[in-house]
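Here's the structure, in structure tokens; my notes come after.
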Amino acid sequence: PSTAAVVGTRGHLTITRDLGLARPYQGSVDLVNGEIDDDLEHYLDTSEQLPSVLRTEVVLDQSGEVLRAAGVLVQGFPGIPPQELLGPRVRLQSSLRELLLAHDRSPHELVGLALGGDEFRAMLEHPVSFHCPCGPERALSVLSSLGADDLEQLASEQEQTEVRCNFCGDVTEVDAAALRELASELRRVQS
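In terms of the numbering used here, the sequence shown is numbered consecutively and its last residue is 193.
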């Protein structure tokens, strides 16, 4: 089934980015059509004002296991006319799946082929890995938004409070003593 059949075509796409600031940045746009590529492109064009082409593809085996997955994000510099990205958009739509099946190509070669020979320069290359910066400090930061009174009430009601990360799903447990200490710290800062 298509993504739109699963996700639906009406609603909002909300992106939360941790930019290392006090609070994460959050942007939201209406769904274009429920297809992840198109909806994320719309977000990048609208919210971040970066003309973008995004195509993703997944190759599954007979049992539904992922054999290969790839995504190509092409972004123009701010101010570039959107039609400048029309060529890469058309080529990526028609070729990404076939390129994924070419096992003997490096990622750099795949991007070159996907762009149909258009000149490109990799601005940054680094290994991709999943890492979520959640943990005790982040959990306390989130809990601090409750305010001192609510923290003290929570500490009196239960010995452990669970904070579940919205990004990775990990749970951090915060004990009542830490909640009371955080409440005291908030009161000191406010006075």
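Think of the CB as a built atom: it goes at the ideal place given N, C-alpha and C, for glycine as much as any other residue.
All values reported here derive from a predicted model rather than from experimental measurement.
Distance from the Cα of His133 is smallest, within the candidate group Arg107, His14, Asp172, for Asp172. According to the DSSP assignment, Glu164 belongs to the beta strand (DSSP E) that extends over 162-166.
In the three-state DSSP reduction, Thr11 falls in the coil class, being neither helix nor strand.
DSSP, read as helix, strand or coil, puts Val144 in helix. DSSP places Leu75 in the strand class (E or B) of the three-state scheme.
Between Ala157 and Ala178, the gap from beta carbon to beta carbon is short of 8 Å. At least 8 Å separates the beta-carbon of Leu42 from that of Gly13. Taking all protein chains in view, the Cβ of Pro53 is crowded by 16 or more other Cβ atoms within 10 Å, so the residue is classified as buried. Cβ-Cβ separation between Thr58 and Gly73: approximately 4 Å, consistent with a contact (criterion under 8 Å). DSSP lists no beta-bridge partner residue for Asp40.
Annotation: Val191 is outside any beta strand (DSSP E); the continuous alpha helix (DSSP H) that includes it extends over 178-192. Taking Pro135 as the centre and dropping the five residues before and after it, the same chain places the C-beta of Asp20 closer than 8 Å to its C-beta, in chain order.
The DSSP-derived three-state label of Glu139 is helix.
Nearest C-alpha to Gly89 among Leu56, Glu100, Val60: Leu56. Check the Cα spacing between Asp47 and each of Gly81, Arg25, Arg182: the tightest is with Gly81. By the neighbour-count criterion, in which a residue is buried when 16 or more other Cβ atoms sit within 10 angstroms of its Cβ, Leu181 is buried.
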